[in-house]
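Reviewing the structure listed below.
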Amino acid sequence: MRTDSNGRTLSVKLADLHWERGTSVLEKGSMGLLRWQNQELHSFTVLDDPWLKTYNIHTWRYL
Numbered sequence: 539m540r541t542d543s544n545g546r547t548l549s550v551k552l553a554d555l556h557w558e559r560g561t562s563v564l565e566k567g568s569m570g571l572l573r574w575q576n577q578e579l580h581s582f583t584v585l586d587d588p589w590l591k592t593y594n595i596h597t598w599r600y601l
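Put into structure tokens, the structure is as follows:
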């Protein structure tokens, strides 16, 4: 777990990322966004936005 430069956002690696076979493109469903305010008010969304395809096996750490 690490705190982002804003001092509030935490990032946690849940599992290794997966790449589409034969490519360096992120596999659909391999990235998600957790929004958390408290135990009752939170959500998790699996991301499939087109901009994710601009990141690959070599650049995903810069997301």
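Letter by letter, the sequence shown follows residues 539 to 601 in my numbering. Note that CB positions come from ideal geometry on N, CA and C, so glycine has one too.
Let's test the definition: count the other Cβ atoms within 10 Å of the Cβ of residue i and tell me whether it reaches 16, buried, or not, exposed.
i       : result
Leu-564 : buried
Which residue comes first and which comes last in the beta strand (DSSP E) that contains residue i?
i       : result
Gly-570 : 569-574
Thr-583 : 580-585
Below 8 Å on the Cβ atoms is my contact criterion, and I expect residue i with residue j to pass it. Report the Cβ-Cβ distance as a whole number of Å.
i       : j       : result
His-580 : Trp-589 : In fact, because the Cβ distance is near 24 Å, the residues do not count as touching under 8 Å.
For residue i, which residues of its own chain have a beta-carbon under 7 Å away from its beta-carbon, when the five flanking residues on both sides are left out?
i       : result
Val-584 : Gly-567, Gly-570
Leaving aside the five residues before and after residue i along the sequence, list all residues of the same chain whose C-beta is less than 8 Å from its C-beta, in chain order.
i       : result
Ser-562 : Asn-594, Ile-595, His-596
Asp-586 : Lys-566, Gly-567
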